[in-house]
Every structure is written in structure tokens, then in C-alpha cells.
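Here's the structure, in C-alpha cells; my notes come after.
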Amino acid sequence: MKKYGITTVFTLIALFVCSLTMNAVSPPRNYIHDTKEENGKVISKTIFLNEDGLLSKEVKYEFTYYDSGKVAEKKAYRWNSRKNDWTPFYRTTFTYNTETGEIHSVYGIWNGKANEYNLNVQEIGLPASDYENIFS
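Quick note, the sequence shown lines up with residues 9 to 144 if you use this note's numbering.
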């Protein structure tokens, strides 16, 4: 029984040291954000990776809003360097129930074959009081 306890401790220590080594080897990434706003609302945000002053496109987000000013939809795109274009990644739609005070969101990943966001669809309900935390 003691053999298993000592082996477990040494295994955990080895994993911890490996983790520290891996973190030390990979330098932190430097990202730059290009945010576009209209009427005080973020309509798009593009994320660039900055490597020694060279910027490469990574991810782009687009937002649409209801007339009330709340977020209706968020779409994410990944940069496809082979096609030199943005490829859809996922979409989250939001609806707001004023009676229950709930935000209902539907998330789906892009299905290129069907040309729709129907992969890994997930739905969640959140309290409306979380709005600022969700969209900050």
C-alpha cells in the first residue's frame, strides 16, 4: 500500500515539473484587438496575433443588436490562410424574457456541409442580472 502512495506522490511531482517546464518554454502570446463600434455598440472585434511586429489574423466576432440595445447575436469566425478569408466558426443567439427575467441563448458550431450552425447545439438560460458579466 505504501508503494502506491509514494509512486503517486512522485508522479504528481513529475507532472508538476513537466508543467512548469512546458510553460517556461512556450512564450506568452501577444494579441491585438481591433474593435469597431457604432452608436456606442461593438459591432465587430478582430483579434490579431502580434509576433515581432507582424500581425496575423486569428479570430473575428460580429454582433447584432435588438432595437432595445441588447445583443441579439454573436458570430465568430476563424481566419483561413489557405482561402485568405474568414470561415464561420460558431454563432450564439440571445432572446430576453422580461416576464421571467431570463436570457435564453442558443449556441451552435458551423457545419460547412450544411451551411448552417447546427453542430453541437446547446441551449442555456441565464438570469438577466448576468447581462453585464456576459457581454463585458
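Backbone N, C-alpha and C fix where the C-beta goes; we use that ideal spot for every residue, glycine too.
Non-local C-beta neighbours of Gly133 in its own chain, meaning closer than 6 Å and more than five positions away in sequence, comprise Glu110, His112, ordered along the chain. Phe102 counts as buried, since at least 16 other C-beta atoms from the protein chains shown sit within 10 angstroms of its C-beta.
The beta carbon of Lys49 sits closer than 6 Å to those of Tyr73, all from its chain and outside the five residues before and after it, given in chain order. Judged by DSSP in its simplified three-state form, Asp75 adopts coil rather than helix or strand. Within the stretch 112 to 140, complete beta strand (DSSP E) segments of at least 3 residues are found at 124 to 135, given in chain order. The beta carbons of Gly116 and Tyr104 sit no closer together than 7 Å. Proximity to Lys68 across Glu107, Ile142, Glu140, Tyr39 peaks at Tyr39, based on C-alpha coordinates.
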